[in-house]
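Chains as they are written, first to last, in the working numbering: chain P, 1069 to 1481; chain A, 969 to 1206. Each residue gets a CB set at the ideal place from its N, CA and C atoms; glycine is no exception.
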């Protein structure tokens, strides 16, 4: 007599009937997978959104910009914490004067500051810079003027406020011409920047700009014998084509000025949009991966939850299994029945979790500046993975059920 | 009349050495097609083990078992499952109905494993329920039925695949006198319709209604052809 085989549709119907007979237990079992899937999808979405946000910020800098940063590239990339401050204002001036492929050069040095206007005060970044800053970074003033060459020479106590800082300190009043104190030094407000938004982690809207020379002599209060230290130098190349030339020329000039003979001794390095994008990409990818890995753990826990409940279910339904076997179910029939139950639980949990995850991404987009989105590939993967989790964690209980001896199973009461 | 069940020198031994238990020892038994037979004996006499062997749920340790002229001892689990599905109907003391299924779906279950198409399943399940007098209870869940009704659903499930053998293990053990009579009447009708009926029972009153009694003691058949007329209420004590 040939072995009988139940068809798949019947198994499916039977599994659905069994699962809907105990709705609360089924939904609780699914919960683990739901949460796991929702978190994987929203975390990956968040990571992707973050990556896109950072990329956009870097691209908004324009294609011609170069950043000259203190420190050795190797030690920086190895994650070294040693940040040397061996770029000086004179370096920036030399680049501006001597490198022909460069149009404008800005130096920036940021110190923390306490700003007072009458009885109001605010903590804000004090950015010392030079007049070229505006054109290099493509910023504009909203009111008044920016730092002038004369301010630089005279170390004038003039300040240009970021847009939101100005609002915070002055509210309805006109800031121009007012006096405020930065770390107890009196400055005159001569300008307010237009809204710039946060840029590469620096919120220029909430900062105050002063001449870098003034910053060195009045705020920092000391000048190294080598000159005024700067945090970094940004420069614009004449056009995209001369970017490499500019990089080469700046490197040579700085090596000459710093007395460096071997490239590995470089105490500065140059980043352009591409290298910044690569760095940001590496970081955000690692971050996304980490978020996904953490979220995957909850998916795994969900799978174990399914296995747990299925094992309990096999125990509870011993008699049912015995009966099914007595009336002709083969081992395979029983195996498939329990596997299908586990897969339905995890796949349904996966789909619900995906919907929640997509909803969560929508919510994250509202709460964060990131344009998060759920990619189709992640959704397909998450649903596939959760289905496989059901298959994987369903095997052990299903085999246990299939191997039950019908005599023993029927007798257990 | 030809033989449906032939046990030849069947032994079932559990364990080995000092812990060896002879559940069945050298049992020879033959039950013909159309027979209506009860298996009796004290607890531990081997009647349940014999029942499991006859029902193809268990294989003997020694000996040959011919069911419908097929040596069952040689077959694998899945083939045994198929034989149980097609040729044997089981009725249990505790009914063993699936609580989440309606009466109709419970009765149709063996046909699901038999690969019978849905429409035919429904038709045959309804007919079987009709046959046991539950034609108006098709959609009820087991919890909505009385014990007697549940056992009748179980009988309908046992006969729905038109088996050669109806094997009942204490079918009236959980029922009161009235419903016992109802259930026995159904067995009687089924037997008259041509189905061989074998039941294990403790109750002399039930055994009296069958045509033949097989008496077990200590794993052996003591009397394979006891007449039901010779059994009284005192017999069980023996």
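Would you mind giving the Cβ-Cβ distance between residue i and residue j, rounded to the nearest angstrom? I have them listed as a contact below 8 Å.
i: residue 1013 (chain P); j: residue 1226 (chain P); result: Since the first residue of chain P shown is 1069 and the last is 1481, residue 1013 (chain P) is not available in this structure.
i: residue 1447 (chain P); j: residue 1414 (chain P); result: No, residue 1447 (chain P) and residue 1414 (chain P) are not in contact; Cβ-Cβ is about 15 Å, not under 8 Å.
i: residue 1103 (chain P); j: residue 1452 (chain P); result: Rounded, the Cβ-Cβ distance is 18 Å, inconsistent with contact.
i: residue 1126 (chain P); j: residue 1341 (chain P); result: 6 Å
i: residue 1185 (chain A); j: residue 1009 (chain A); result: 6 Å
i: residue 1013 (chain A); j: residue 1169 (chain A); result: At roughly 13 Å, the Cβ-Cβ gap does not stay under 8 Å, so residue 1013 (chain A) and residue 1169 (chain A) are not in contact.
i: residue 1163 (chain A); j: residue 1131 (chain A); result: 7 Å
i: residue 1053 (chain A); j: residue 1395 (chain P); result: 6 Å
i: residue 1177 (chain A); j: residue 1144 (chain A); result: 16 Å between Cβ atoms; not a contact.
Tell me the rounded alpha-carbon separation between residue i and residue j.
i: residue 1262 (chain P); j: residue 1243 (chain P); result: 14 Å
i: residue 1191 (chain P); j: residue 1251 (chain P); result: 10 Å
i: residue 1109 (chain P); j: residue 1450 (chain P); result: 7 Å
i: residue 1279 (chain P); j: residue 1424 (chain P); result: 51 Å
i: residue 1076 (chain A); j: residue 1063 (chain A); result: 15 Å
i: residue 1108 (chain A); j: residue 1074 (chain A); result: 10 Å
i: residue 1337 (chain P); j: residue 1139 (chain P); result: 7 Å
i: residue 1111 (chain A); j: residue 1081 (chain A); result: 24 Å
i: residue 974 (chain A); j: residue 1102 (chain A); result: 35 Å
i: residue 1035 (chain A); j: residue 1087 (chain P); result: 38 Å
i: residue 1086 (chain A); j: residue 1098 (chain A); result: 18 Å
i: residue 1334 (chain P); j: residue 1320 (chain P); result: 10 Å
i: residue 1441 (chain P); j: residue 1083 (chain A); result: 47 Å
i: residue 1300 (chain P); j: residue 1412 (chain P); result: 57 Å
i: residue 1311 (chain P); j: residue 1254 (chain P); result: 41 Å
i: residue 1058 (chain A); j: residue 1114 (chain P); result: 59 Å
i: residue 1142 (chain A); j: residue 1096 (chain A); result: 22 Å
Using the beta-carbon count (16 or more within 10 Å), is residue i buried or exposed?
i: residue 1051 (chain A); result: buried
i: residue 1023 (chain A); result: buried
i: residue 988 (chain A); result: exposed
i: residue 1187 (chain A); result: buried
i: residue 1026 (chain A); result: buried
i: residue 1117 (chain A); result: buried
i: residue 1060 (chain A); result: buried
i: residue 1372 (chain P); result: exposed
i: residue 1318 (chain P); result: buried
i: residue 1085 (chain P); result: exposed
i: residue 1188 (chain P); result: exposed
i: residue 1100 (chain A); result: buried
i: residue 1358 (chain P); result: exposed
Verify the CB distance criterion: does residue i have a CB-CB separation below 7 Å to chain A?
i: residue 1466 (chain P); result: no
i: residue 1391 (chain P); result: yes
i: residue 1442 (chain P); result: no
i: residue 1437 (chain P); result: no
i: residue 1078 (chain P); result: yes
i: residue 1388 (chain P); result: yes
i: residue 1477 (chain P); result: no
i: residue 1085 (chain P); result: yes
i: residue 1089 (chain P); result: yes
i: residue 1394 (chain P); result: yes
Quick check on DSSP: helix, strand or coil for residue i?
i: residue 1147 (chain A); result: helix
i: residue 1195 (chain A); result: coil
i: residue 1391 (chain P); result: helix
i: residue 1068 (chain A); result: coil
i: residue 1328 (chain P); result: coil
i: residue 1423 (chain P); result: helix
i: residue 1093 (chain P); result: helix
i: residue 990 (chain A); result: strand
i: residue 1004 (chain A); result: strand
i: residue 1205 (chain A); result: Note that residue 1205 (chain A) scores 40 on pLDDT, short of 50, meaning its location in the model is unreliable and no value can be drawn from it.
i: residue 1117 (chain A); result: helix
i: residue 1261 (chain P); result: strand
i: residue 1406 (chain P); result: helix
i: residue 1212 (chain P); result: strand
i: residue 1223 (chain P); result: coil
i: residue 1140 (chain A); result: coil
i: residue 1228 (chain P); result: strand
i: residue 1340 (chain P); result: strand
i: residue 1138 (chain P); result: strand
If we cut at 7 Å on Cβ distances, does residue i have a partner in chain P?
i: residue 1186 (chain A); result: no
i: residue 1170 (chain A); result: no
i: residue 1052 (chain A); result: yes
i: residue 1068 (chain A); result: yes
i: residue 1193 (chain A); result: no
i: residue 1058 (chain A); result: yes
Less than 7 Å between CB atoms is the rule here; does residue i satisfy it with respect to chain D?
i: residue 1397 (chain P); result: The structure shown contains no chain D; the protein chains it does contain are P and A.
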